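Asks: Here it is, the structure, as structure tokens.
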Amino acid sequence: MKIVTARKILEANELAAQRNRNRFHAAGVFCINLLGSPGSGKTTLLEALLRHLDGPLAPGVIEGDIAGSVDAERIEALGVPVVQINTQGACHLDAGMVEAAVADLHLQRLDLLLIENVGNLVCTAGFDLGEQLRIIVLSTSEGHDKLIKYPAIFRGSQAVVVSKMDLLPHTDFDPRRVAEGLRVLSPEAAVFHVSAVREEGVAELARWVAARASARSD
Ligand SMILES: Nc1nc2c(ncn2[C@@H]2O[C@H](COP(=O)(O)OP(=O)(O)O)[C@@H](O)[C@H]2O)c(=O)[nH]1
Ligand SMILES: [Mg+2]
Numbered sequence: 000m001k002i003v004t005a006r007k008i009l010e011a012n013e014l015a016a017q018r019n020r021n022r023f024h025a026a027g028v029f030c031i032n033l034l035g036s037p038g039s040g041k042t043t044l045l046e047a048l049l050r051h052l053d054g055p056l057a058p059g060v061i062e063g064d065i066a067g068s069v070d071a072e073r074i075e076a077l078g079v080p081v082v083q084i085n086t087q088g089a090c091h092l093d094a095g096m097v098e099a100a101v102a103d104l105h106l107q108r109l110d111l112l113l114i115e116n117v118g119n120l121v122c123t124a125g126f127d128l129g130e131q132l133r134i135i136v137l138s139t140s141e142g143h144d145k146l147i148k149y150p151a152i153f154r155g156s157q158a159v160v161v162s163k164m165d166l167l168p169h170t171d172f173d174p175r176r177v178a179e180g181l182r183v184l185s186p187e188a189a190v191f192h193v194s195a196v197r198e199e200g201v202a203e204l205a206r207w208v209a210a211r212a213s214a215r216s217d
């Protein structure tokens, strides 16, 4: 019987992530891993962000889902190159899946690659995809206690988008608790308060993403 340990899987992932990083670097592509719970608003945020990134940055998207292609269809409708990964049950993307998907994108034509990970706050945290930046989307309807319950994913993120701010008056979500949690888990993380449906806070996030992307390519 052959037993493959989690350590070996993670080592293989790290090698694939490094290959992805090298390819992104060679092609001048800035890569973002977008994380969050199912339904936190990742795709809606991506759509809004893509509408605001109408400057010189050419974007491409990888959509990660267990099954289906509804999110990729939403991105395709915006005229943005997109590849859908179906993980067929796996609760996270890994670097090998991204490596395979990238083969279907013309990396040389892109400046920015946005990867929407599978909706999950646990498994996604442990798999480097070769990205330069992790952004986590936390919606006001999920509760501010998620930083206490899922610290690893917040510890590894450089930005938190508090989404669905339009719903704030209908919830007990306290944005100050997010700031408090981040002071411990990721003090340097940027925080954005966004309502994608009202297009509020999106321009600020788009400017920050564009600045980070161009800083890396200088
Ligand atoms: N009220 C409100 N609803 C939102 C917002 N963003 C997304 N939603 C809704 O939340 C649900 C899940 O959104 P989606 O973007 O598909 O989430 P994902 O599963 O994280 O990609 C959909 O019904 C969206 O219309 C927002 O800013 N405000
Ligand atoms: Mg989605």
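Residue 103 in numbering that gives the first Met the number 0 sits at position 104 of the sequence shown; the count goes up by one each step and never skips.
Glycine included, C-beta positions come from ideal geometry on N, C-alpha and C.
Just so it is clear, the structure is predicted and the values come from calculations on it, not from any experiment.
1) Identify the continuous beta strand (DSSP E) that holds I74 and give its terminal residues.
2) For the segment 129-144 and the segment 173-192, state whether three or more C-beta atom pairs, one from each stretch, are separated by less than 8 Å.
3) I think T42 touches G63, with their Cβ atoms under 8 Å apart; what is that distance to the nearest whole Å?
4) Would you identify the three-state DSSP class for D64, choosing helix, strand or coil?
5) What separation, rounded to the nearest whole angstrom, lies between the Cα atoms of L104 and A124?
6) Quick one: residues in its chain with C-beta nearer than 8 Å to the C-beta of I31, no 5 flanking neighbours on either side, listed in chain order?
7) Any idea which residues DSSP pairs S162 with across the strands?
8) Could you spell out the range, first to last residue, of the alpha helix (DSSP H) harbouring E187?
9) At a cut-off of 7 Å, would you count S156 as near ligand 1, judging by its Cβ distance to the nearest heavy atom?
10) With distances taken between CB atoms, is the gap from A94 to N21 smaller than 8 Å?
11) Got a sec: does ligand 2 put a non-hydrogen atom nearer than 7 Å to the Cβ of E75?
12) Based on Cα-Cα distance, which residue from T4, L204, A89 lies nearest to A188?
Replies: Taking the geometry as given:
1) Run containing I74: none in the beta strand (DSSP E); it sits in the alpha helix (DSSP H), 69-75.
2) yes
3) Their Cβ separation, rounded to whole angstroms, is 11 Å, which puts T42 and G63 out of contact at 8 Å.
4) strand
5) 25 Å
6) L111, L112, L113, I114, E130, Q131, L132, R133, I134, V208
7) S138
8) Premise fails: E187 is in no alpha helix (DSSP H) and is neither H nor E.
9) no
10) no
11) no
12) L204
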